[in-house]
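The sequence shown begins at 60 in our numbering and counts up by one.
Ideal Cβ positions, reconstructed from N, Cα and C, are used throughout, including at glycine.
Report on one structure; see the data block that follows.
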Amino acid sequence: MSVIEKSGLYKSLWARAEGHILGVGIGLILMYVVWTGLSWMRSAEYCQKILSLTATRFVVGRPGGVYFGHVLGLNYGTNISVNMFVDAVAVFLLYPLFVFSIEHIFILRSLKNFIGRVHKMAQANYKIIKTYGLPGLFLFVLFPLWGTGPVVGCMIGFMMELRPWFNMSIVLGATFLAIIIWTVILAEFHMRLLAYSPYMPMIMIGVLFVIAIGVHLVRGMRHKN
60 MSVIEKSGLY
70 KSLWARAEGH
80 ILGVGIGLIL
90 MYVVWTGLSW
100 MRSAEYCQKI
110 LSLTATRFVV
120 GRPGGVYFGH
130 VLGLNYGTNI
140 SVNMFVDAVA
150 VFLLYPLFVF
160 SIEHIFILRS
170 LKNFIGRVHK
180 MAQANYKIIK
190 TYGLPGLFLF
200 VLFPLWGTGP
210 VVGCMIGFMM
220 ELRPWFNMSI
230 VLGATFLAII
240 IWTVILAEFH
250 MRLLAYSPYM
260 PMIMIGVLFV
270 IAIGVHLVRG
280 MRHKN
């Protein structure tokens, strides 16, 4: 493919709704970098907590990330905002890349295996979700089960032929509601663990890390087989 053809291809990708969604995802990351830089100058300790929560959220999933926010002592607003941000970025970045990959337009080799695994999860749940329509997709993303997160949800929405931005609204709406619910529920859980032992919250985070890593390893082995 010539340079001119590649240039035309990239322009056409950015002109699509999926390209706009990808642009929003990249914009959110740039805003995050600027915001954390400014926050670091004001309070390095606070910024470290935000960065720790962001990194942990990607590993342990929605409930684990919300709980870790409580362990760090973050208030409800900050905890909810950071967890919402992580899910939004994941959806805005991975959804368009998934669509471009499925349509054989643009494929990132570094994400090929991951997208393949998520695609299989979406296919495994597609028929039953389609039976219940939009409420089924909303509830699928809302409930905190392994493999029912927003990334898989938006891919199922694509398979249901939902319009891109409508798909985003359904999936992120369910995700944001779930984060708010878990923030409230896990606050009480965290207080009970602290009352039992000051070490229990960190033990719980360690357990969540082990479970998350184990799940990722099992999925990776199944994909290879």
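Alpha-carbon spacing of residue i relative to residue j, whole angstroms
i: VAL210; j: VAL150; result: 5 angstroms
i: LYS108; j: LEU133; result: 8 angstroms
i: SER160; j: MET180; result: 16 angstroms
i: ILE164; j: LEU72; result: 9 angstroms
i: ARG75; j: ALA114; result: 30 angstroms
i: GLN182; j: ILE215; result: 7 angstroms
i: GLU64; j: PHE199; result: Because the pLDDT of GLU64 is 43, which lies under 50, any placement of that residue in the model is unreliable, and the question is left without a value.
i: LEU201; j: ARG176; result: 21 angstroms
i: CYS213; j: TYR154; result: 7 angstroms
i: VAL148; j: GLU104; result: 24 angstroms
i: TYR255; j: PHE248; result: 11 angstroms
i: CYS106; j: SER98; result: 6 angstroms
i: PRO194; j: ALA237; result: 15 angstroms
Outcome for residue i when other beta-carbon atoms lying within 10 angstroms are tallied against a minimum of 16
i: TRP94; result: exposed
i: GLY96; result: exposed
i: VAL158; result: buried
i: MET227; result: buried
i: TRP241; result: buried
i: VAL266; result: exposed
i: ILE229; result: buried
i: GLU77; result: buried
i: SER61; result: Here SER61 scores only 41 on pLDDT, less than 50, and its place in the model should not be relied on; the value that follows carries that caveat. Counting Cβ neighbours within 10 Å, SER61 comes out exposed, since fewer than 16 surround it.
i: PRO223; result: buried
i: ARG168; result: exposed
Residue nearest to residue i in terms of C-alpha spacing, selected from the options
i: ILE88; options: GLY212, LEU152, LEU167 and PRO194; result: LEU152
i: MET250; options: THR115, VAL130, LEU112 and VAL92; result: VAL130
i: ILE239; options: GLU104, GLY78 and THR137; result: THR137
i: GLY192; options: GLY208, ILE174 and MET218; result: MET218
i: ASN184; options: GLU162, TYR255, GLY208 and ALA246; result: GLY208
i: LEU196; options: LYS171, PHE225, ILE174 and ARG168; result: PHE225
i: GLY84; options: ILE188, PHE127 and PHE144; result: PHE144
i: SER111; options: VAL269, HIS178 and GLY124; result: GLY124
Contact test: residue i Cβ vs the ligand COA heavy atom, cutoff 7 angstroms
i: TYR135; result: You won't find the ligand COA in this model; it holds no ligand whatsoever.
Legend entry - Ranges of the alpha helix (DSSP H) found wholly within the stretch 87-175, counting only runs of at least 4: Here the runs fully enclosed are 103-130 and 135-161.
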